[in-house]
Amino acid sequence: MKKIIIIGATLLAAGCFLMTGCGGDAPKQTKNEIHVVTHANWNPFEYIENGKIVGFDVDLAREAVKRAGLTMDLTDAGWEALFEQIRSHQADMAISGVTITKDREASYLFSAPYFLSRQAILVREGVDIHSAKDLMDGKEIAVQNGSTGQEALEKLLGKNHPSIKKTPMSIQMLIGGQVDALVGDETSVKSIQAQYPEAYLSIVYDDEAFTPEFFGILYPKDTGAELKSKIDKALKDMIADGTYGKIYEKWFKTKVDEETLEKLGNR
Numbered sequence: 009m010k011k012i013i014i015i016g017a018t019l020l021a022a023g024c025f026l027m028t029g030c031g032g033d034a035p036k037q038t039k040n041e042i043h044v045v046t047h048a049n050w051n052p053f054e055y056i057e058n059g060k061i062v063g064f065d066v067d068l069a070r071e072a073v074k075r076a077g078l079t080m081d082l083t084d085a086g087w088e089a090l091f092e093q094i095r096s097h098q099a100d101m102a103i104s105g106v107t108i109t110k111d112r113e114a115s116y117l118f119s120a121p122y123f124l125s126r127q128a129i130l131v132r133e134g135v136d137i138h139s140a141k142d143l144m145d146g147k148e149i150a151v152q153n154g155s156t157g158q159e160a161l162e163k164l165l166g167k168n169h170p171s172i173k174k175t176p177m178s179i180q181m182l183i184g185g186q187v188d189a190l191v192g193d194e195t196s197v198k199s200i201q202a203q204y205p206e207a208y209l210s211i212v213y214d215d216e217a218f219t220p221e222f223f224g225i226l227y228p229k230d231t232g233a234e235l236k237s238k239i240d241k242a243l244k245d246m247i248a249d250g251t252y253g254k255i256y257e258k259w260f261k262t263k264v265d266e267e268t269l270e271k272l273g274n275r
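The numbering of the sequence shown is my numbering, which starts it at 9 and goes up by one.
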């Protein structure tokens, strides 16, 4: 759905309090600093811990930005807001497990892919769902609004289908029995399952219905080419020298497979 960098306007509120005419401009920054935004609610990609934004995306972004000779100011902008901040040039970069799609590429500039994922179905124990086809049988399914989980379900069921519940409370709704299933990216679904062992959640895969997808970093389409080039080089070097694998293992508690590394390194 769930699940590189997004820089928020942390000084915007203070600046507008002191001055008039701030408008929608990004906050002032030093020469080598970029503003990055994210939606910090999707463990282990990005989430809040002890008041700080942490996660796989965060570590990956910081290392790539450092290798590019830059520094970054990272803020939590919310899922839909991060797209708007990139579109309106309030942020230089966004990273939040954003899947690269043709529709999004029409409005945003994407980095080379930095993560390979696929959609998966999360269900409670005893729920009669064994494939994506079973979701078509009157089941209610929660997805994050604007996510690729939503897109995948709409391909199966049709847009605005009443069975699709677009909500930021998808996990709570599944555990509470308000929906029959949750659809999201595989890594995030695994994380949810591990976080709530008492809920007895099971993962259902259907590769025929849900094809693999790549995550990318967002930049403004008209001004982001130079930054994209620097970050792309840093990411490629990180994959080649093993740094990517170390960050992956830290957050996902498993080694990244060679096939995935090869696909990422060659794109």
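We put the beta carbon where it would ideally sit given N, CA and C, even for glycine.
For Phe-260, the three-state DSSP class (helix, strand or coil): If you number the sequence shown from 1, residue 260 lands on position 252. Here DSSP, grouped into helix, strand and coil, assigns Phe-260 to helix.
Within 10 angstroms of its Cβ, does Lys-236 collect 16 or more other Cβ (buried), or is it exposed? Within the sequence shown, numbered from 1, the residue matching residue 236 stands at position 228. Buried is the call here.
Cutoff 7 Å; reference Glu-148; Cβ partners in own chain excluding five residues on either side: Translated into positions along the sequence shown, residue 148 becomes position 140. Here the set comprises Ser-171, Lys-173, Val-187 and Asp-188.
Secondary structure at Lys-147, three-state DSSP: helix, strand or coil? Position 139 of the sequence shown, counted from the first residue, corresponds to residue 147. Three-state DSSP puts Lys-147 in coil, outside helix and strand.
Can you find the residues in the same chain that come closer than 6 Å, C-beta to C-beta, to Tyr-256, ignoring five residues on each side of it along the sequence? As a first step, residue 256 is located in the sequence shown; it is residue number 248 there, counting from the start. Excluding sequence neighbours, Tyr-256 sits near Val-264.
Assigned secondary structure, Ser-155 (DSSP; H/G/I helix, E/B strand, else coil): Counted from its first residue, the sequence shown places residue 155 at position 147. Here Ser-155 sits in coil by DSSP.
For Leu-68, which three-state DSSP category applies? Numbered from 1 along the sequence shown, position 60 holds the residue referred to as residue 68. Taken through DSSP and simplified to helix, strand or coil, Leu-68 comes out as helix.
Short check: CB of Ile-61 to CB of Leu-78, under 8 Å? Reading the sequence shown from its first residue, position 53 is the one you call residue 61. Reading the sequence shown from its first residue, position 70 is the one you call residue 78. Ile-61 places its beta carbon 8 Å or farther from that of Leu-78.
Measure the Cβ-Cβ separation of Ile-225 and Ala-48 and say whether it is below 8 Å. The count along the sequence shown starts at 1 and reaches residue 225 at position 217. The count along the sequence shown starts at 1 and reaches residue 48 at position 40. No, Cβ-Cβ distance for Ile-225 and Ala-48 is not below 8 Å.
DSSP on Lys-173, reduced to helix/strand/coil? By 1-based counting over the sequence shown, the position of residue 173 is 165. Look at Lys-173 here: in three-state DSSP terms it is strand.
Use the C-beta contact count for Gln-180: other C-beta atoms within 10 angstroms, 16 or more gives buried, fewer gives exposed. Here residue 180 refers to the residue found at position 172 when the sequence shown is read from its first residue. Gln-180 is exposed by the Cβ-count criterion.
Cα-Cα separation between Val-151 and Leu-269, rounded to whole angstroms: Stepping through the sequence shown from its first residue, residue 151 is reached at position 143. Stepping through the sequence shown from its first residue, residue 269 is reached at position 261. The alpha-carbon atoms of Val-151 and Leu-269 are separated by roughly 28 Å.
Report, in whole angstroms, the separation of the C-beta atoms of Lys-222 and Thr-107, which I expect to be a contact under 8 Å. Sequence index remark: in the sequence shown, residue 222 carries index 214 (1-based). Sequence index remark: in the sequence shown, residue 107 carries index 99 (1-based). According to the sequence provided, residue 222 is Phe. The question's Lys does not apply to it. Their Cβ separation, rounded to whole angstroms, is 7 Å, which keeps Phe-222 and Thr-107 in contact under 8 Å.
Do Leu-124 and Lys-271 come within 8 Å of each other at the CB atom, strictly closer than that value? In the sequence shown, the residue the question calls residue 271 occupies position 263. In the sequence shown, the residue the question calls residue 124 occupies position 116. With a cutoff of 8 Å on beta-carbon distance, Lys-271 and Leu-124 are scored as near each other.
For Trp-50, which beta-bridge partners are listed by DSSP? On the sequence shown, residue 50 is found 42 positions in, with the first residue counted as 1. Beta-bridge analysis with DSSP links Trp-50 to Glu-54.
DSSP beta-bridge partners for Leu-278? Any question about residue 278 goes unanswered here, given that the chain covers just 9 to 275.
Apart from the five residues on each side of it in sequence, which residues of its chain come closer than 8 Å, Cβ to Cβ, to Gly-86? In the sequence shown, the residue the question calls residue 86 occupies position 78. A distance below 8 Å between beta-carbons, with the five flanking residues on each side excluded, links Gly-86 to the following residues of its chain, in chain order: His-47.
Which word fits Thr-262, buried or exposed, when buried means at least 16 other C-beta atoms lie within 10 angstroms of its C-beta? On the sequence shown, residue 262 is found 254 positions in, with the first residue counted as 1. Burial call: exposed.
Straight-line CA distance for Glu-266 to Arg-126? One-based indexing of the sequence shown puts residue 266 at position 258. One-based indexing of the sequence shown puts residue 126 at position 118. Near 17 Å, if we compare the C-alpha coordinates of Arg-126 and Glu-266.
Determine the contact status of Lys-229 and Ser-115, defining contact as a CB-CB distance below 8 Å. Here the question's residue 229 lines up with position 221 in the sequence shown. Here the question's residue 115 lines up with position 107 in the sequence shown. Annotated as proximal: Lys-229 and Ser-115, with beta-carbon spacing under 8 Å.
Relative to the C-alpha of Tyr-204, which candidate in Val-131, Gln-98 and Thr-251 has its C-alpha closest? If you number the sequence shown from 1, residue 204 lands on position 196. Looking only at Val-131, Gln-98 and Thr-251, the smallest Cα-Cα distance to Tyr-204 is reached by Val-131.
Only counting the same chain, and skipping five residues up and downstream in sequence, which positions put a Cβ closer than 6 Å to that of Ser-210? Counting from one through the sequence shown, the residue named residue 210 turns up at place 202. Val-131, listed in sequence order.
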